[in-house]
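These notes concern the structure reproduced below.
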Amino acid sequence: AGITGTDVSKGASDMILTDDNFTTIVHAIEEGRNIYNNIKKSVIFLLSCNLGEVIAIFFSVLFYWPVPLMATQLLWINLITDTLPAIALGVDPGDKDVMKKKPRNPKEGFFAKGAGFRAVLGGTLIGALTLAAFYFGLRGYGYSLNSKTIPEEVLTYARTMAFVVLAGSQLFFSLAMRHPTKSIFQIGLFSNKFLIVAIIILFMLQLMVISVPFLASAFKVQMLSAADWGLVVLFSLVPLILKELSKLFMREENEAS
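The following block contains the structure:
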């Protein structure tokens, strides 16, 4: 019903146009689709991050390996590193092509069309990279995951590697989560300024945690060398790179079909 409609027609209507302009319906649908997509991105991102943490801890307990992350480190990741990117994804600029897609089935599940699989895959990758960083940290001092006695300073170093890789991989992964098929360069690397600012702030906070003595002591971490940072950045970029490659294959398949 339009604004000029009778009270009876307005009461019986599911939608009332306050400006008698039917293009408002189109804009409302577009806005609704983008809001739904943003909520989905945030949820999938958070599930992937939390699953990665669970996998890292679960397998270390399962195989009697040293725990790769301390409780304070996990708390930091959950409260700080996960939260800001998820909020930024929730206010991601709308997709210009969202109206070209078919209407979503109202009965369609939240994790339909591979969304649940992507969350599991992303979480598995993040968890595996965290354990790999922990392993390389131990190997740097000649120890392995199955070593019986590992000095505390070696564990601190290895856990620092795992801690920073976990945080870094999640931050880079958030960039890839902005669209299921479009590259970050297609949608604009800096088009979501909130996400870019969040990533920069969190990287600075992460650096501060391992650099400031009293914070490093509280979180049981230590400073890393330039070579360590090179490995950390390499590991952290893996989720972003693999996600972007998967998008490339998906676009090629869509074009072929």
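Residue numbering for the sequence shown follows the numbering used here, starting at 417 and increasing by one per position. A virtual CB, placed ideally from N, CA and C, is assigned to each residue, including glycine.
Three-way DSSP call (helix, strand, coil) for residue i in this model
i, result
"K564", "coil"
"P629", "helix"
"V637", "coil"
"H443", "helix"
"A548", "helix"
"R555", "helix"
"T597", "coil"
"S662", "helix"
"F438", "coil"
"F606", "coil"
"A417", "Note that A417 scores a pLDDT of 45, beneath 50, so its modelled location is shaky; the value from the coordinates is reported in the next line. Looking at A417 - three-state DSSP - the assignment turns out to be coil, as it is neither helix nor strand."
Run of the alpha helix (DSSP H) containing residue i, from where it starts to where it stops
i, result
"Q602", "I600 to I603"
Whole-angstrom distance between residue j and residue i, CA atom to CA atom
i, j, result
"H595", "I460", "12 Å"
"I471", "L561", "15 Å"
"R555", "L571", "11 Å"
"I451", "K457", "10 Å"
"L631", "M624", "8 Å"
"K512", "L658", "24 Å"
"N453", "K636", "38 Å"
"Q416", "G532", "Within the shown structure, residues of the chain are numbered from 417 to 673, placing residue 416 beyond reach of any answer."
"R449", "L661", "26 Å"
"R520", "V514", "11 Å"
"P509", "Y559", "47 Å"
"A574", "F552", "7 Å"
"I503", "F601", "21 Å"
Burial state of residue i (16 or more Cβ within 10 Å)
i, result
"M577", "buried"
"E469", "buried"
"F550", "buried"
"I616", "exposed"
"N670", "exposed"
"H443", "exposed"
"Y480", "exposed"
"S476", "buried"
"V507", "exposed"
"W645", "exposed"
"I493", "buried"
"V649", "exposed"
"Q622", "buried"
"L495", "exposed"
Unbroken alpha helix (DSSP H) runs of length 4 or more, entirely within the region 457 to 537: which are they?
487 to 492 and 499 to 506
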